[in-house]
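Peer 1: The structure is given below, and queries will be raised subsequently.
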Amino acid sequence: MLKTKLSILAVLLFAVAFPRLDARVIEIKKKAELNPTVYFSGVPGNPKLSNDIRTFLGVCGWFDLSNDAAKSDYTVAAEPGSGNLVIRLYQSKTPVAAWRFPLNSDSREVAKTVVDTVIERAFAQLKVRGFCRSRIAFTAESAPGIRNVFICDIDGNNVQQITSYRSLNVEPSWSPSGKSIYFSKYNRSGIEIVETTVATPRRSRIISSSRGINTGAAVSPDGSMLAVILSPDHQVDLYLLGLRHRERRRLTRGIAVEASPCWSPDGRSIAFVSDRRGNPRIFISDTSGRNLKVLPSIGADAVTPAWSKDGKIAYATRIAGNYTIAVYDTQTGENRRVVALPGNWESPEWAADNRQVVCKRTIGGKSALYVIDTRTGKQRLLLQTNSKLFDPSWSPCLKRN
58 MLKTKLSILA
68 VLLFAVAFPR
78 LDARVIEIKK
88 KAELNPTVYF
98 SGVPGNPKLS
108 NDIRTFLGVC
118 GWFDLSNDAA
128 KSDYTVAAEP
138 GSGNLVIRLY
148 QSKTPVAAWR
158 FPLNSDSREV
168 AKTVVDTVIE
178 RAFAQLKVRG
188 FCRSRIAFTA
198 ESAPGIRNVF
208 ICDIDGNNVQ
218 QITSYRSLNV
228 EPSWSPSGKS
238 IYFSKYNRSG
248 IEIVETTVAT
258 PRRSRIISSS
268 RGINTGAAVS
278 PDGSMLAVIL
288 SPDHQVDLYL
298 LGLRHRERRR
308 LTRGIAVEAS
318 PCWSPDGRSI
328 AFVSDRRGNP
338 RIFISDTSGR
348 NLKVLPSIGA
358 DAVTPAWSKD
368 GKIAYATRIA
378 GNYTIAVYDT
388 QTGENRRVVA
398 LPGNWESPEW
408 AADNRQVVCK
418 RTIGGKSALY
428 VIDTRTGKQR
438 LLLQTNSKLF
448 DPSWSPCLKR
458 N
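Heads up, the sequence shown is in the working numbering, so the first residue is 58 and it goes up one at a time.
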C-alpha cells in the first residue's frame, strides 16, 4: 500500500515540477508606478526604535525612504515622552495627523504599530490596512528528508521555528485568524494534515489522515472548511473538509491529478491546478465542484495559484524553460508577468495589502525568499540561509495588542 501511495505522490510531483513546455507566450506589460517618498527624522535618544521604524517604513513597500525632508512627499517626526511616543505625519510640510503610542521594551512591535498607522492614514482613500504585524511562514530543509515550518517578520528577521519533526513537513497555510498554521506532515505510513498553534505552548492536532495523500491544505475565508488534495481511492482529487462538523465533500473525480487549491476572497470558488488537459493549468470551480473554467494564463504552464482579497490571482508559470511569477486580474482580465530576473520563481503568496507577493527564487542551486511588488516590479530579498527554503505563506493582518 505504501508503494502505491508513493507512486501517486510521484505522479503529482512530476506533473507540477516538470510540466511540458508550450511555445506560445503572451505578456501584458505594465509601466512601473512610483511610491511617495517619506523622510523620517528619528526618535531622539532612542537609536534602536529609530532604526526599527525606519526599517519597517522601508520594507512595507508603500514608501521610498528619503534623506531630504524638503523634497519628500511625507515627513514622519517623533517626540518621545514619559512612557509614550508622539508621532506626527506631515504631507508637504502640512500637518496631517498626530498619534500617541505607549512605549514598551519591544521596540520592533512599537515600530510595526507606528508604521501600520502611518500607512493607513497616508493611503486612507485606498483603504490599505497596515500589515507590518503580519508574518511569513516557510519551510527550511536541515537535512535530506527533514524539513520544518518556520515563521519570520516581513523584514526577514525574528525567525522562529514552529515544528521540530524528524520528517518532511511542507505547504504551510495560515488560518484566517493568523493564530495557527496547517501543513502536510510525512510519516512512514503516509501523509497527514496537521494544525499547530503559533503561540507557545504550541498545540497540534491531526486534521486529516485518510489513506493515501493528504496535502495542499487551504482554509476557507470564514475558517469553516479546508480545501485539500486526497487520494483514498488512488485518484488524486480535490476535496472539502469541514473543520467544525468533519463532513467531507469530493469536488473532482477522474484520472487527472489535482494540486495547490486556494480560495476566492468570498469563499464561493476554489482555484486549483490540474493536468486534465495534458499540461498543468489552473482551474476554478464553485464549492460544489461545478461551473468549472480554466484560468487564462501566460507561459506554458500555470501552477501554485494564490488569490488576493481584491480579486487577483498570482501564479507561477514557465517561460523559456524557467518559472516566473504572473498575475491575472479576475475583474479586468489583465494578465501580466511581474518579474523578469533570471532564476526560477515559484510559489507566490499575497500580502494583506493585495499588492506584494512573497515567493521562492532558485538560482545557481541556491534558494531564497523574495518579496515582489506587483505594482512597481521591484524585488526585495527577504531571507536567505544555509538551508534550502520552500513554501512561503503570508499571514493575514494580525490584531494589534
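Heads up, the beta-carbon is just placed ideally off N, CA and C, and yes, glycines get one too.
Going by the beta-carbon positions, is the gap between A274 and Y239 smaller than 9 Å?
Peer 2: Taking the first residue of the sequence shown as 1, we reach residue 274 at position 217. Taking the first residue of the sequence shown as 1, we reach residue 239 at position 182. Yes, the pair counts as a contact, with Cβ atoms nearer than the cut-off.
Peer 1: Counting only the same chain and skipping the five closest in sequence on each side, list residues whose C-beta sits under 6 Å from that of K369.
Peer 2: Against the sequence shown, residue 369 aligns to sequence position 312. Around K369: V384 and D386.
Peer 1: Enumerated in chain order, which unbroken segments of the beta strand (DSSP E) with a length of 3 residues or greater are wholly contained in the stretch 294-363?
Peer 2: Runs found: 294-299, 305-307, 315-320, 326-331 and 338-343.
Peer 1: Tell me which residue opens and which closes the beta strand (DSSP E) that T254 is part of.
Peer 2: One-based indexing of the sequence shown puts residue 254 at position 197. T254 -> beta strand (DSSP E) spans G247 to T254.
Peer 1: Does the contact criterion of 3 or more C-beta pairs under 8 Å hold for the stretch 248-261 versus the stretch 334-347?
Peer 2: The stretch 248-261 is not in contact with the stretch 334-347.
Peer 1: Could you check what DSSP says for S444 in three-state terms: helix, strand or coil?
Peer 2: One-based indexing of the sequence shown puts residue 444 at position 387. Three-state result, S444: coil.
Peer 1: Skipping 5 residues on each side, what residues in its chain have a beta carbon closer than 6 Å to that of S326?
Peer 2: Sequence index remark: in the sequence shown, residue 326 carries index 269 (1-based). The answer, listed in chain order, is I341 and D343.
Peer 1: Going along the chain, which residues of its own chain have a beta-carbon closer than 6 Å to the beta-carbon of R437, five neighbours each way excluded?
Peer 2: One-based indexing of the sequence shown puts residue 437 at position 380. V428, listed in sequence order.
Peer 1: Identify, in the order they occur along the chain, each residue of the same chain with its Cβ nearer than 6 Å to the Cβ of R338, setting aside the five sequence neighbours on each side.
Peer 2: Looking up residue 338 in the sequence shown gives position 281. Excluding positions up to five away in sequence, the list reads V351 and A359.
Peer 1: Which residues mark the beginning and the end of the alpha helix (DSSP H) in which D279 is found?
Peer 2: As a position in the sequence shown, residue 279 is number 222, starting the count at 1. No alpha helix (DSSP H) holds D279; DSSP gives it neither H nor E.
Peer 1: Just how far apart, CA to CA, sit A89 and T309?
Peer 2: The sequence position of residue 89 within the sequence shown is 32, counting from 1. The sequence position of residue 309 within the sequence shown is 252, counting from 1. Low per-residue confidence applies at A89: pLDDT is 49, beneath 50, and the placement is therefore not dependable, though the value from the model is reported in the following sentence. In a straight line, the C-alpha of A89 is about 40 Å away from that of T309.
Peer 1: Do the stretch 410-426 and the stretch 176-196 make contact, defined as three or more Cβ pairs closer than 8 Å?
Peer 2: Yes, the stretch 410-426 is in contact with the stretch 176-196.
Peer 1: Can you tell me the Cα-Cα spacing of S139 and G102, whole angstroms?
Peer 2: By one-based count along the sequence shown, residue 139 stands at place 82. By one-based count along the sequence shown, residue 102 stands at place 45. Their Cα atoms are separated by approximately 13 Å.
Peer 1: Can you list, in chain order, the residues of its chain with a C-beta nearer than 8 Å to that of P362? Leave out the 5 residues immediately preceding and following it.
Peer 2: Counting from 1 along the sequence shown, the entry for residue 362 is found at position 305. Once the five neighbours on either side are set aside, the close Cβ partners of P362 are S317, C319, A328, F329, V330, I339, L352, I370, A371 and Y372.
Peer 1: With DSSP collapsed to three states, give me the class of R262.
Peer 2: As a first step, residue 262 must be located in the sequence shown, where it is residue number 205. R262 falls in the strand class under three-state DSSP.
Peer 1: The beta strand (DSSP E) that contains K426, what's its start and end?
Peer 2: Counting from one through the sequence shown, the residue named residue 426 turns up at place 369. The sequence shown places Leu at residue 426, rather than the Lys named in the question. That run of the beta strand (DSSP E) goes K423 to D430.
Peer 1: Suppose contacts are defined by Cβ-Cβ distances below 9 Å. Is Y296 in contact with A313 by that definition?
Peer 2: For the purposes of this step, residue 296 is identified with residue 239 of the sequence shown, where counting begins at 1. For the purposes of this step, residue 313 is identified with residue 256 of the sequence shown, where counting begins at 1. Taking 9 Å as the Cβ cut-off, Y296 and A313 do not qualify as a contacting pair.
Peer 1: For V172 and P278, what's the separation of their Cα atoms in angstroms?
Peer 2: Residue 172 sits at position 115 when you count from the first residue of the sequence shown. Residue 278 sits at position 221 when you count from the first residue of the sequence shown. Answer to the nearest angstrom: the Cα atoms are 26 Å apart.
Peer 1: According to DSSP, simplified to helix, strand and coil, what is N124?
Peer 2: Position 67 of the sequence shown, counted from the start, is the residue given in the question as residue 124. Residue state, collapsed to three classes: coil.
Peer 1: By the three-class DSSP mapping on this structure, what secondary structure does R186 have?
Peer 2: Counting from one through the sequence shown, the residue named residue 186 turns up at place 129. It is coil, neither helix nor strand.
Peer 1: Is there contact here, the stretch 139-157 with the stretch 217-232, by at least three beta-carbon pairs under 8 Å?
Peer 2: Too few Cβ pairs lie closer than 8 Å, so no.
Peer 1: By DSSP, does I85 sit in helix, in strand, or in coil?
Peer 2: Within the sequence shown, numbered from 1, the residue matching residue 85 stands at position 28. A caution first: I85 carries a pLDDT of 35, below 50, which makes its placement in the model too unreliable to give a value.
Peer 1: Starting from D386, trace the beta strand (DSSP E) in both directions and tell me its first and last residue.
Peer 2: On the sequence shown, residue 386 is found 329 positions in, with the first residue counted as 1. That run of the beta strand (DSSP E) goes N379 to D386.
Peer 1: If contacts are defined as beta-carbon pairs under 8 Å, then R190 and C454 qualify, I think. What distance do you get, rounded to the angstrom?
Peer 2: Translated into the one-based positions of the sequence shown, residue 190 becomes position 133. Translated into the one-based positions of the sequence shown, residue 454 becomes position 397. That pair is a contact at about 7 Å.
Peer 1: Quick test of your reading: F36 and K417, contact by CB under 8 Å. State the CB separation rounded to the nearest angstrom.
Peer 2: In the structure as shown, the chain starts at 58 and stops at 458, and residue 36 therefore has no counterpart that could be examined.
Peer 1: Report the start-end ranges of each beta strand (DSSP E) in the stretch 195-249 that is 3 residues or longer and not cut off at the edges.
Peer 2: Runs found: 203-210, 226-231 and 237-244.
Peer 1: Decide if T272 is buried, meaning its Cβ has at least 16 other Cβ atoms within 10 Å, or exposed.
Peer 2: Working through the sequence shown from its first residue, we reach residue 272 at position 215. So T272 ends up on the buried side.
Peer 1: Runs of 4 residues minimum, wholly inside the stretch 95-174: which ones carry the alpha helix (DSSP H) assignment?
Peer 2: If we require 4 residues or more, the alpha helix (DSSP H) runs fully inside the stretch 95-174 come out as 104-116.
Peer 1: Who are the near neighbours of S241 in its chain, counting only those whose CB is closer than 8 Å to its CB and skipping five residues on each side?
Peer 2: By one-based count along the sequence shown, residue 241 stands at place 184. Around S241: N226, V227, E228, I248, E249, I250, V251, N271, T272, G273 and A274.
Peer 1: Can you round the beta-carbon distance between D121 and N92 to whole angstroms, since I take them to be within the 8 Å contact cut?
Peer 2: Translated into positions along the sequence shown, residue 121 becomes position 64. Translated into positions along the sequence shown, residue 92 becomes position 35. About 5 Å separates the two Cβ atoms, so the contact holds.
Peer 1: What is the DSSP secondary structure of R178, reduced to helix, strand or coil?
Peer 2: Within the sequence shown, residue 178 is the residue found at index 121, counting from 1. It is helical.
Peer 1: Contact defined as beta carbons within less than 8 Å: I believe G235 pairs with S452. What is the distance between those atoms, to the nearest angstrom?
Peer 2: Numbered from 1 along the sequence shown, position 178 holds the residue referred to as residue 235. Numbered from 1 along the sequence shown, position 395 holds the residue referred to as residue 452. Right, the Cβ-Cβ distance comes to about 4 Å (below 8 Å), so this counts as a contact.
Peer 1: Identify which residue in I420, L398, G400 and R394 has its Cα closest to the Cα of R432.
Peer 2: For the purposes of this step, residue 432 is taken as residue 375 along the sequence shown, with counting starting at 1. Nearest option by C-alpha distance: R394.
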